[in-house]
Structure formats: structure tokens, C-alpha cells
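All residue numbers for the sequence shown refer to this note's numbering, where the first residue is 5 and numbers rise by one. In what follows, a structure is listed as C-alpha cells, so that the remarks can point back to it.
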Amino acid sequence: MPFVRAPHPPTGPGPLLVLVGPPGAGKSTVASALGVRCGLAVRDTDSDVERRAGKPISAIFVDDGEPAFRALERAAVADALAEHDGVLALGGGAVLDATTQELLAGYRDAGGTVVFLDVSLAHAAPRVGFNQSRPLLLGNPRAQWQALMDARRPVYEAVASMRVSTDGLRPAAVAELIHDQLTVAPEQRASSPTNRRPGE
């Protein structure tokens, strides 16, 4: 069955779909798998930020501070939402920015698909590794991750149009779940537990 392109915001082409979620949910790897599965270009805002800054995110935090990183991230998300027409993966904390929340709400309300990749700590920990490339998880990384997730979950749920748990699933399997939801008939999609808005 061919991949069905969701409607896009009238102000620009917009991504086919946007992935959000915490560190360890598999946003980058699932985005890559979706790109292969659907023949789409893939873009990652963390990579965009590092390219613009000319250094890793961990170095941005150390050298310039978190506010500088968030400003770069906000600009990267806005540009990607306006320019990219494939699969877009956002950094885990990007959704905390009020401007980004508004952009995602407008994109979703205009027919775009925002997928919240949910994951438990037990499954996120092996993927993240809790190393120095995750500056917000230093110290007690498991407790830090859980605190971040508890604080961010309501925001992920608010901006998303679909929630998919990645616990115990390989990226290709998650990509297949998302693909299947976007290729079923609209009436079937609306009744699917996987595709219900979080909290419904």
C-alpha cells in the first residue's frame, strides 16, 4: 500500500511527520528507519544545531550554556518545520519551548502528524548509555531521566497526534507501526488505540 502524505500547513511544505520524545525513545533511529521504509529524506534538529554551532551539543552546554543551546534549537526547529518535507526528529527538550509548541500545534492542526515516541526508563537506559553527550543527565542519570520524563510527558502528549511505545521494539518495527497507521483508511485510523491522542 502506498504511503499516504498527510495534509501540510498552508504556509509551507512542512514535514510528512515529526517525531518527539525523551532521550532513549529512538527518535533518530526510528526516523532513519522511516526514511528507508518510505523513501523519504530524514532530518534531525540536534544535528542541525551541532552543524550551526560547529561543535557537539555537550560542548555548547559547557561553553555557551543551556539558554544559548535552546535558542539555536528553537531556530533549527522553526527552519526545519518550514523547509523539510520528509521525516523530522526533534531533540528531546525542544517541545519545552513555547514558540516550538505553537509551531507544532499549528502544524498538527493543519493536518500534520506529530508522533510521541514513548519509552520506559528500563528500555531507555540501555539505549542512552547516560554518557557525557547527554549533559542534562549527568549526576544520577536514571533519576534525572525520570524527572525529565515526568516533567515533559504532559507536553509530549499535548503536541502529539499519535503515541507509539518503543519498549522492546527495534526501530524498523516502530517505523512499520507508524507507517501502518498512516496508510489505513481514516475511519480505521481514528479507532486505533495506537493512533489515539494521548489521554483519550
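Note that the Cβ used here is the ideal one computed from N, Cα and C, for glycine as well. In this text the structure is predicted, and so the values were computed from the model without any measurement.
Notebook entry, point to check: In three-state DSSP terms, what is threonine 170?
Noted result: Correct three-state label for threonine 170: coil.
Checklist line | Residue environment, valine 24, which counts as buried when at least 16 other CB atoms sit within 10 Å | finding: The residue is buried, with at least 16 neighbouring Cβ atoms inside 10 Å.
Check: If you draw a straight line from the alpha carbon of threonine 187 to that of valine 159, how long is it in whole angstroms?
Finding: Approximately 26 Å between the Cα atoms of the pair.
Item checked: Under the three-state DSSP convention, the category leucine 44 falls into -> Coil, per DSSP.
Notebook entry, point to check: Between the Cα of aspartate 48 and the Cα atoms of Cys42, Ala75 and Val81, which residue gives the shortest distance?
Noted result: When each option's Cα is compared against that of aspartate 48, the closest is Val81.
Item checked: Neighbour-count burial assignment, alanine 179, 16 or more Cβ in a 10 Å radius -> By the 10 Å Cβ count, alanine 179 comes out buried.
Item checked: Three-state secondary structure assigned by DSSP to alanine 114 -> Here alanine 114 carries a coil assignment [DSSP, helix/strand/coil].
Check: What separation, rounded to the nearest whole angstrom, lies between the Cα atoms of alanine 114 and leucine 107?
Finding: Cα to Cα, the separation comes out at about 11 Å.
Notebook entry, point to check: glutamate 77: buried (16+ other C-beta within 10 angstroms of its C-beta) or exposed?
Noted result: Taking a 10 Å sphere around the C-beta of glutamate 77, we find 16 or more other C-beta atoms and assign the residue as buried.
Notebook entry, point to check: When DSSP builds the beta bridges, which residues end up paired with phenylalanine 120?
Noted result: Note: phenylalanine 120 sits in a beta bridge opposite Val24 and Arg167.
Next item on the list: Determine contact between the stretch 148 to 159 and the stretch 31 to 51, defined as no fewer than three beta-carbon pairs at a distance below 8 Å.
Entry: No, because fewer than three Cβ pairs between the stretch 148 to 159 and the stretch 31 to 51 fall closer than 8 Å, the two stretches do not touch.
Check: If you count every other CB in all the chains shown that lies within 10 Å of the CB of alanine 98, and 16 or more means buried, which is it?
Finding: Result: buried.
Next item on the list: Measure the beta-carbon distance from serine 124 to aspartate 184 and round it to whole angstroms, keeping in mind my assumption that it falls under 8 Å.
Entry: That belief does not hold up - the Cβ atoms of serine 124 and aspartate 184 are roughly 23 Å apart, past 8 Å.
Next item on the list: Could you tell me which of Met166, Ala63, His127 and Pro130 sits nearest to valine 22, measuring between CA atoms?
Entry: Measuring from the Cα of valine 22, the nearest candidate turns out to be Met166.
Note to self: Which runs of the alpha helix (DSSP H) at least 4 residues long sit entirely within the stretch 41 to 97? Give them in chain order.
What the structure shows: List check, alpha helix (DSSP H) in window: 49 to 57, 61 to 68 and 70 to 87.
Note to self: What residue range does the alpha helix (DSSP H) around valine 132 cover?
What the structure shows: Element bounds for valine 132: 125 to 132.
Next item on the list: Please say whether valine 119 and isoleucine 182 have beta carbons closer to each other than 8 Å?
Entry: Here isoleucine 182 is near valine 119, since their CB atoms are less than 8 Å apart.
Next item on the list: Find the nearest neighbour of histidine 213 within the set Ala176, Ala128 and Gly18, judged by alpha-carbon distance.
Entry: Here the chain comprises residues numbered 5 to 204, so residue 213 is not present and cannot be evaluated.
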